[in-house]
Amino acid sequence: MRFFRDGRAISLLSTAEPADVVHRLTPDLLRHGHQLQQQQQHLVTTATTTAAASSSSSSAAAAPPAARLALRGRWRLDDQDERLLVVETEGVDPKYLYRMDLALRSAARAPARNTRLAWRAFASYNRLTDDWAAFGLANDRPFVFSRVRSYG
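One point on numbering: in the working numbering, the residue at position 82 of the sequence shown is 970, and numbering is uninterrupted.
#1: Answer yes or no: does any C-beta atom of chain B fall closer than 8 Å to that of Asp-1028?
#2: Hey, would you say Thr-1003 sits closer than 8 Å to Ala-995, going by beta carbons?
#3: Helix, strand or coil for Ala-995, going by three-state DSSP, please let me know.
#4: With DSSP as the reference, label Leu-959 as helix, strand or coil.
#5: So is Ala-907 buried or exposed if we call it buried at 16+ other beta carbons inside 10 Å?
#6: So Ala-907 is in the alpha helix (DSSP H); what residue range does that whole segment cover?
#7: With a 10 Å radius around its C-beta and 16 neighbouring C-beta atoms as the bar for buried, classify Val-980 as buried or exposed.
#8: If you follow the beta strand (DSSP E) that Asn-1002 is part of, which residue opens it and which one closes it?
#9: Quick one: give me the first and last residue of the beta strand (DSSP E) that Glu-978 is part of.
#10: Just checking my contact of Leu-973 with Leu-1025 at CB under 8 Å: how many whole Å lie between their CB atoms?
Have a look at this one:
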């Protein structure tokens, strides 16, 4: 996950090493990924010719692989407790929305800083059926992170 100061976020689940992915998580990725998703939705919902499908797939192939997997989102601190972080991202399918509730804590090495995110809840919302489905988080450990000052 990457959090921007203006409240935007990028969520990416990948098996790639962080050093290979973090520098690609930029605001441009949000715009590019959204355009790519719009093209894919258009192909699914309308009948297109094979020429249109092949030109769209060639533009999708030119996009960085992370652009196809990154999910756009928003983050905010909870109104009642500023140590609770709420992140909402688009789902892999347009009918879904993901919501993560995270607790912001300090790690033992740096007690003065908030450098640990602990899962509190993770759920999926189906916009079509107005249904919430919770994901089990029993064995997930808190994530310790550091601020990225440069990508060089």
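Cβ coordinates follow ideal geometry from the N, Cα and C atoms, glycine included.
Nothing here was measured: the structure is a model prediction, and the numbers come from that model.
Reading off the structure:
#1: Of the protein chains in this structure there is only one, and it is not chain B.
#2: As a working note, residue 1003 is residue 115 in the sequence shown. As a working note, residue 995 is residue 107 in the sequence shown. Contact: yes.
#3: To locate residue 995, count along the sequence shown from 1; it is residue 107. The three-state secondary structure of Ala-995, taken from DSSP, is coil.
#4: Counted from its first residue, the sequence shown places residue 959 at position 71. It is a strand residue.
#5: Taking the sequence shown and counting its residues from 1, the one referred to as residue 907 is at position 19. By the Cβ-count criterion, Ala-907 is exposed, with fewer than 16 other Cβ atoms from all chains shown falling within 10 Å of its own Cβ.
#6: Translated into the one-based positions of the sequence shown, residue 907 becomes position 19. Unbroken alpha helix (DSSP H) run through Ala-907: 906-909.
#7: Here residue 980 refers to the residue found at position 92 when the sequence shown is read from its first residue. Burial check for Val-980: the Cβ neighbour count within 10 Å stays below 16, so the residue is exposed.
#8: As a first step, residue 1002 is located in the sequence shown; it is residue number 114 there, counting from the start. Asn-1002: not part of any beta strand (DSSP E); DSSP gives it neither H nor E.
#9: Here the question's residue 978 lines up with position 90 in the sequence shown. First-last of the beta strand (DSSP E) with Glu-978: 972-978.
#10: Residue 973 sits at position 85 when you count from the first residue of the sequence shown. Residue 1025 sits at position 137 when you count from the first residue of the sequence shown. With a Cβ gap of about 15 Å, Leu-973 and Leu-1025 do not count as contacting.
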